[in-house]
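Here is the structure we will look at.
Numbering (this note's numbering), first residue to last: 99 to 327.
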């Protein structure tokens with residue numbers, strides 16, 4: 099087992115064992131125990147009382163964080179020539195079609211989100227093996243397959259994220275940066291949690307939000323009271 103550094107020990111000492119913190123307390127504490135030289139991401143992990151193997155208990159959705167993620171999201175717009183100008187004006191980092199499809203076939207995936215049009219999805223099908231595992235395949239449910247390309251691009255740039263419960267029943271999401279004020283982290287966390295609550299499947303029985311943990315890159319995690327969430 100790796101030895102803890104002095105800073106890691108100091109961070110752990112600030113977390114009260116067995117305590118469930120409020121969102122407000124956890125946001126302030128995560129900022130306090132983050133000691134990275136770079137601007138660390140603040141992440142949240144929510145364990146849900148669902149069985150993701152069953153289609154009627156799958157939880158997936160999108161949320162626009164009020165203060166964004168703090169990350170410069172690189173967007174690729176795979177569009178026909180008539181849509182290129184609006185995609186560029188909306189802030190897409192890469193715009194085109196066939197040349198980028200060829201690049202992806204060759205293994206290029208240096209983007210965070212891909213936005214496309216319904217008419218182009220047929221060309222993306224064969225690239226599922228490359229895009230799927232990286233979470234890059236556009237999906238109408240997340241608003242990344244649409245005729246309103248400009249809105250889709252600007253929404254992503256403004257802090258719209260998509261999330262999906264993993265096979266263990268946990269939703270992982272980045273909700274900001276350690277440089278954010280605690281209030282901004284609170285707002286972003288609450289926006290995500292309220293969205294998750296609205297998406298509770300009718301087939302899910304018992305406790306829906308089982309646990310919530312907040313952490314930053316390389317920091318210990320802080321347990322949040324799921325009743326507050």
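Cβ coordinates follow ideal geometry from the N, Cα and C atoms, glycine included.
Please read these numbers as outputs of a predicted model, since none were measured by experiment.
- Query: Excluding the five sequence neighbours on either side, which residues of its own chain have a C-beta within less than 7 Å of the C-beta of residue 108, listed in chain order?
  - Reply: Apart from the 5 residues on each side of it in sequence, residue 108 has no Cβ closer than 7 Å to any other Cβ in its chain.
- If you run the structure through DSSP and keep just helix, strand and coil, what is residue 99? At residue 99 the pLDDT is 45, less than 50, meaning the model places this residue with poor confidence and gives no usable figure here.
- Query: In three-state terms, what does DSSP make of residue 327?
  - Reply: Residue confidence for residue 327 is low, a pLDDT of 46 falling below 50, so the modelled location carries little weight and cannot support an answer.
- Is it buried or exposed for residue 121, if we count other Cβ within 10 angstroms and need 16 for buried? Around the beta-carbon of residue 121, 16 or more other beta-carbon atoms lie within 10 Å, marking it buried.
- Alpha carbon to alpha carbon, how far is residue 169 from residue 258? Give it in angstroms, no decimals. So the alpha carbons of these two residues sit roughly 11 Å apart.
- Task: Within its chain, find whatever has a CB closer than 7 Å to the CB of residue 147; leave out the 5 residues flanking it on each side and keep chain order.
- Result: Taking residue 147 as the centre and dropping the five residues before and after it, the same chain places the C-beta of 302, 304, 305, 306, 308 closer than 7 Å to its C-beta, in chain order.
- Message: Quick check on the DSSP output: the alpha helix (DSSP H) that includes residue 186 runs from which residue to which?
- Response: Segment 179-187, the alpha helix (DSSP H) holding residue 186.
- Using 10 angstroms around the beta-carbon of residue 238, count the other beta-carbons present and answer buried if the total reaches 16, otherwise exposed. Exposed, by the Cβ-count rule.
- Residues bridged to residue 260 [DSSP beta-bridge criterion]: Paired residue(s): 160.
- Message: Pairs of beta-carbons, one from the segment 150-165 and one from the segment 251-269, closer than 8 Å: are there three or more?
- Response: Under the 8 Å Cβ criterion, the segment 150-165 counts as touching the segment 251-269, having at least three qualifying pairs.
- Identify, in the order they occur along the chain, each residue of the same chain with its Cβ nearer than 8 Å to the Cβ of residue 152, setting aside the five sequence neighbours on each side. Hits under 8 Å: 301.
- Query: Helix, strand or coil for residue 271 per DSSP?
  - Reply: DSSP places residue 271 in strand when its eight states are reduced to three.
- C-beta contact flag for residue 190 and residue 218 at 8 Å: The answer is no: Cβ separation not under 8 Å.
- Does DSSP classify residue 141 as helix, strand or coil? DSSP places residue 141 within a strand segment (E or B) once states are collapsed to three.
- DSSP beta-bridge partners of residue 153: According to DSSP, which records beta bridges pairwise, residue 153 is partnered with nothing at all.
- Between which two residues does the beta strand (DSSP E) carrying residue 308 extend? For residue 308, the uninterrupted beta strand (DSSP E) segment begins and ends at 307-314.
- Give me whichever residues DSSP pairs with residue 175 in a beta bridge. Looking at the DSSP output, residue 175 sits in a beta bridge with 193, 213.
- When we look at the beta-carbon of residue 271 and count the other beta-carbons within 10 Å, is it buried (16 or more) or exposed? By the neighbour-count criterion, in which 16 or more other beta carbons inside 10 Å mark a residue as buried, residue 271 falls on the buried side.
- How is residue 254 classed by DSSP in three states: helix, strand or coil? The answer is helix: DSSP assigns residue 254 an H, G or I state.
- Query: What residues in its chain sit with their C-beta under 7 Å from that of residue 155, if we drop five residues either side in the sequence?
  - Reply: Cβ-Cβ distances below 7 Å link residue 155 to 148, 149, 299, 301, 302 in the same chain, with the five nearest sequence neighbours on each side left out; the list follows chain order.
- Message: Looking at the strands, I want to know which residues DSSP matches up with residue 321.
- Response: Beta-bridge pairing links residue 321 to 311.
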